[in-house]
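Take 0 as the starting number for the sequence shown in numbering that gives the first Met the number 0 and just add one per residue. Don't be surprised by glycine CBs; every beta carbon is placed ideally from N, CA and C. From a predicted model like this one, the values you see are computed outputs, not experimental measurements. Step one of this worksheet: look at the structure below.
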Amino acid sequence: MAFELPDLPYAHDALAELGMSAETLEYHHDLHHNAYVVNGNKLINGTEWEDKSVEDIIVGTYDSNTVAQNGVFNNASQHWNHMKFWEMMGPKGRSMPSELNKALTESFGSVDAFKDAFKAAGAGQFGSGWCWLVKNSDGGLSVTKTENGVNPICFNQTVLLGCDVWEHSYYIDFRNKRPDYLTNFLESLVNWDYVAAQL
Ligand code: MN3
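The following block contains the structure:
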């Protein structure tokens with residue numbers, strides 16, 4: 000299926016007072032995400048992938064033998080990553096549902112320990128990529144990080160939360176301070192109701 004750029008689930012300026020400016024969302028959603036949609040459609044048009052779901056394209060084109068993924072994978076995976084990323088943030092829902100608090104405490108010892116692990120994964124990703132909270136096939140939760148556009152569905156994991164640590168995600172608002180961006184993401188931007196719903 001042709002990729003389509005979804006509207007943001009909130010106004011471009013809805014997160015500004017929470018630490019993500021309208022300018023960041025104009026660049027990140029309207030330009031960067033849109034480029035993955037446009038370029039992905041050019042690459043899948045007329046191929047075996049043009050009628051497949053974005054998830055099938057991601058799993059079907061991921062190459063576990065290389066860091067340098069192919070163009071179809073990179074654009075499809077980044078399209079998926081960004082669709083989820085917009086949903087994972089919001090102007091409301093900043094208190095954590097009790098079932099998520101319980102699940103995080105069971106897997107990490109405490110919510111603070113989860114947050115420390117998530118921030119360390121994001122800050123420790125060398126170059127562009129993502130950090131994630133995932134559910135494994137055994138039901139346990141883990142924090143992971145991936146290079147560039149790779150995402151956890153390549154590894155049969157369910158995504159609960161992800162944070163884009165490409166420079167385009169934070170340089171307007173936080174300049175080079177990626178750790179501050181990650182702290183603000185967890186403390187002010189995450190829509191914990193969405194995260195809990197993925198459990
Ligand atoms: Mn991005």
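- At the C-beta level, I57 and A75 come within 9 Å of one another.
- Relative to the Cα of N135, the nearest Cα in the group A102, A1, E166, G18 belongs to A102.
- Apart from sequence neighbours up to five positions away, the residues of its chain that approach A13 with a beta-carbon distance below 6 Å are P90, ordered along the chain.
- Apart from the 5 residues on each side of it in sequence, H31 sits with its Cβ closer than 6 Å to the Cβ of H167 in its chain, given in chain order.
- The set of residues with CB atoms less than 6 Å from any heavy atom of the ligand MN3 reads, in chain order, H27, H31, H81, D163, W165, H167, S168.
- Counting along the chain, G123 sits inside no beta strand (DSSP E); it lies in the alpha helix (DSSP H) bounded by residues 110-123.
- Secondary structure of E25 (DSSP, three-state): helix.
- Beta-bridge partners assigned by DSSP to T143: W131.
- Runs of beta strand (DSSP E) with 3 or more residues, each lying fully within the segment 153-183, are found at 157-163, listed in chain order.
- For the 9 Å CB-CB criterion, N190 and G18 do not form a contact.
- Under the criterion of beta carbons closer than 8 Å, E86 and Y193 qualify as touching, at roughly 6 Å.
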